[in-house]
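Numbering (full-length UniProt numbering), first residue to last: 1 to 396.
Reviewing the structure listed below.
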Amino acid sequence: MKFQYSALLALAASAYAAPPTQSIKEFPRQASAGCSSAVTLDPSSNPFAKYTLHPNIYYRKEVQAAVAAITDSSLAASAAKVADVGTFLWIDTIANIAKIEPALADVPCTNILGLVIYDLPGRDCAAKASNGELKVGDIDKYKSQYIDPIVTLIKAHPNTAFALVIEPDSLPNLVTNSDKDACKQSATGYEDGVAYALKSLNLPNVLMYIDAGHGGWLGWDANLKPGAQELAKVYKAAGSPKQVRGFSTNTAGWNSWDQSPGEFSTASDAKYNKCQNEKIYVDTFAPLLKSAGMPNHAIVDTGRNAVTGLRKEWGDWCNVNGAGFGVRPTSSTGDDLADAFVWIKPGGESDGTSDSSANRYDSFCGKDDAFKPSPEAGTWNQAYFEMLLKNAKPSF
Ligand code: BGC
1 MKFQYSALLA LAASAYAAPP TQSIKEFPRQ ASAGCSSAVT LDPSSNPFAK YTLHPNIYYR
61 KEVQAAVAAI TDSSLAASAA KVADVGTFLW IDTIANIAKI EPALADVPCT NILGLVIYDL
121 PGRDCAAKAS NGELKVGDID KYKSQYIDPI VTLIKAHPNT AFALVIEPDS LPNLVTNSDK
181 DACKQSATGY EDGVAYALKS LNLPNVLMYI DAGHGGWLGW DANLKPGAQE LAKVYKAAGS
241 PKQVRGFSTN TAGWNSWDQS PGEFSTASDA KYNKCQNEKI YVDTFAPLLK SAGMPNHAIV
301 DTGRNAVTGL RKEWGDWCNV NGAGFGVRPT SSTGDDLADA FVWIKPGGES DGTSDSSANR
361 YDSFCGKDDA FKPSPEAGTW NQAYFEMLLK NAKPSF
């Protein structure tokens, strides 16, 4: 992924220490997965109060491989605990739809499987690191080869609960980056695609959160209202699907939940942004969404936000150096508008390559505050994972 922000748009889990040599299969979470009858998620209540975000097998596998590569035994023991943290699984290509079935096979009835819907035509229009497989104009392919098969799979598994984050960065990019050619060209496809996703995935065992960037993006005074209106417009174009619960914030981001004064509160442009932490952003954006006619409960990514003061600029988004794993998924947020802190970005997977000769090289991944070397977006970075672990708060 990634986003750019325009300042002025104007401009742990149970401590099982998995021996690294054992495979995922040797750690069945429950003999029989799923519930014994169909799951119905009530969109008027917080699903995370009832269900725990599932530690999916793909992240577990990545973490277990990482554990095997660590020689320091005490660090390895801490690392093993990360496998038990619930994370979202990114369905970032048509081919990766094949991950859904294996991922839901071990979901107990007490858990909810988190998926990120992320394959819009012309994806990541304001940056380069996460440009996707579908080109601008491939909207029919997005609908028939990406969304429809996901719908079929979810319908085939009515006894499993799903939480979906819908297309990170896409609508926020239309709000603040519409001056960029790529975003201009992508706009129709983003709106049409997100509306189709919301309409088609409106199933009883699913709740959806539409991505709303973060406080340093749509939180600027000039962006708040247009942001809420953009999300609500697409939600309404989808027919106001009842399984939409609200919005997601800080996806793959770095902002603190409630640091006060906020991390960038002394910046020269701070007077244009009251949303100096994610809590203020959620509490400010939610009422605007409500008046624009959209459900307004949030989930907030706390996967990598333990350490602040690392970014030179608020908009720096790529593999921030010195970051640490943040608060583990929980519905205890202390804020009625925030359903849960969740891990959306799987910590250890890169945000983008630092190789300046690569096609998808984005200069943000070469900045002074970005960790180097870093591989292609979505690819495992062992050194980065170990750094997140060492800097985790709370520690593992
Ligand atoms: C990448 C995706 C990846 C996701 C989670 C995004 O930045 O573009 O390919 O699945 O991060 O790591």
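Backbone N, C-alpha and C define an ideal beta-carbon position, used for all residues, glycine too.
Below-8 Å beta-carbon distance, residue i vs any chain D residue
i	result
Ala-103	Reference to chain D is not applicable here, since this structure consists of a single protein chain.
Residues of its chain near residue i, where Cβ-Cβ distance is below 6 Å and the 5 sequence neighbours each way are ignored
i	result
Pro-346	Tyr-59 and Thr-87
Tyr-272	Trp-220 and Asp-221
Gly-378	Glu-349
Phe-385	Ala-66 and Gly-348
Leu-153	Ile-100
Leu-171	Glu-230 and Leu-231
Close Cβ partners of residue i (< 8 Å) along its chain, the five nearest in sequence each way excluded
i	result
Ser-36	Cys-109 and Asn-159
Leu-113	His-54, Asn-56, Leu-89, Ala-103, Leu-104, Val-107, Thr-160, Ala-161, Phe-162 and Ala-163
Pro-204	Ala-38, Val-39, Thr-40, Leu-41, Pro-158 and Gln-243
Val-320	Trp-254, Arg-304, Leu-310, Arg-311, Asp-369, Ala-370 and Phe-371
residue 397	With the chain represented from 1 up to 396, any question about residue 397 goes unanswered, as that position is not in the structure.
DSSP state of residue i mapped onto helix, strand, coil
i	result
Tyr-146	helix
Ile-24	In this prediction, Ile-24 has a pLDDT of 43, which is less than 50 and means its spatial position is unreliable; what the coordinates show is noted afterwards. Residue state, collapsed to three classes: helix.
Asn-111	strand
Lys-2	The predicted model places Lys-2 with a pLDDT of 49, which falls under 50 and marks its position as unreliable; any figure quoted below should be read in that light. In the structure shown, Lys-2 sits in coil (DSSP, three-state: anything other than H, G, I, E or B).
residue 399	The chain is shown only over 1 to 396; residue 399 falls outside these bounds and no answer can be derived.
Ala-31	Since pLDDT at Ala-31 reaches only 42, below the 50 mark, its modelled position is unreliable, and no value is offered.
Asp-72	coil
Lys-312	coil
Ile-97	helix
Leu-289	helix
Leu-388	helix
Arg-304	coil
Thr-330	strand
Ala-298	strand
Ile-344	coil
Arg-60	helix
Ser-200	helix
Gly-213	coil
Gly-246	strand
Ala-7	Bear in mind that the predicted position of Ala-7 carries a pLDDT of just 39, short of 50, making it unreliable; the figure below should be weighed with that in mind. Reduced to three states, the DSSP call for Ala-7 is coil.
Asp-339	strand
Glu-263	coil
Val-151	helix
Ala-383	helix
Heavy atom of ligand 1 within 7 Å of residue i beta-carbon
i	result
Glu-349	yes
Trp-257	no
Ala-377	yes
Lys-128	no
Lys-345	yes
Ala-95	no
Ala-370	no
Ala-65	no
Ala-252	yes
Residue from the options with nearest C-alpha to residue i
i	options	result
Lys-372	Gly-352, Ala-79 and Gly-378	Gly-352
Ile-210	Pro-168, Asn-177 and Gly-193	Pro-168
Ser-248	Leu-288, Val-234, Asp-339 and Phe-264	Asp-339
Gly-309	His-297, Asp-369 and Asp-124	Asp-369
Val-234	Gly-189, Ser-265, Val-206 and Ser-268	Gly-189
Ser-350	Trp-317, Ile-97, Ala-237 and Val-307	Trp-317
Ala-197	Ser-186, Lys-155 and Tyr-142	Tyr-142
Asp-335	Asp-355, Ile-280, Val-63 and Ser-265	Ile-280
Ala-392	Ser-363, Lys-236, Ala-323 and Ser-354	Ala-323
Met-294	Thr-266, Trp-314, Ser-265 and Ala-238	Ala-238
Glu-313	Ser-356, Ala-267 and Ala-286	Ala-267
Thr-176	Gly-315, Gly-366 and Asn-359	Gly-315
Asn-359	Pro-47, Ala-79, Ser-130 and Ala-83	Ser-130
His-297	Ser-265, Gly-246, Thr-284 and Leu-201	Gly-246
Thr-333	Leu-201, Pro-43 and Ala-49	Ala-49
Val-85	Phe-341, Cys-365 and Pro-241	Phe-341
Asp-192	Pro-149, Leu-174 and Pro-394	Leu-174
Residue i: CB within 7 Å of a non-hydrogen atom of ligand 3
i	result
Asp-92	The ligand content of the structure shown is limited to ligand 1, which means ligand 3 is not among them.
Beta-carbon contacts of residue i that lie in its chain and below 7 Å, excluding the five residues immediately before and after
i	result
Ile-344	Phe-88, Val-116, Val-165, Ser-248, Thr-251, Ala-252, Asp-301 and Gly-303
Asn-277	Gly-215, Asn-255, Ser-256, Trp-257, Asp-258, Gln-259, Ser-260 and Gly-262
Val-136	Pro-121, Gly-122, Gln-185, Ser-186 and Gly-189
Gln-145	Ile-94
task: Check whether the stretch 112–125 touches the stretch 87–103, taking contact to mean three or more Cβ pairs, one atom from each stretch, closer than 8 Å.
output: As far as the Cβ criterion goes, the stretch 112–125 touches the stretch 87–103, which means the pair count is three or higher.
- prompt: Is the number of C-beta pairs between the stretch 326–335 and the stretch 216–236 that are closer than 8 Å three or more?
  reply: no
- request: May I ask you to verify whether the stretch 272–291 touches the stretch 357–376, counting CB pairs closer than 8 Å and requiring at least 3?
  value: no
message: Using 8 Å as the cut-off, can you tell me whether the stretch 125–135 makes contact with the stretch 173–183, which would need three or more C-beta pairs spanning the two stretches below that distance?
response: Contact holds: three or more Cβ-Cβ distances are below 8 Å.
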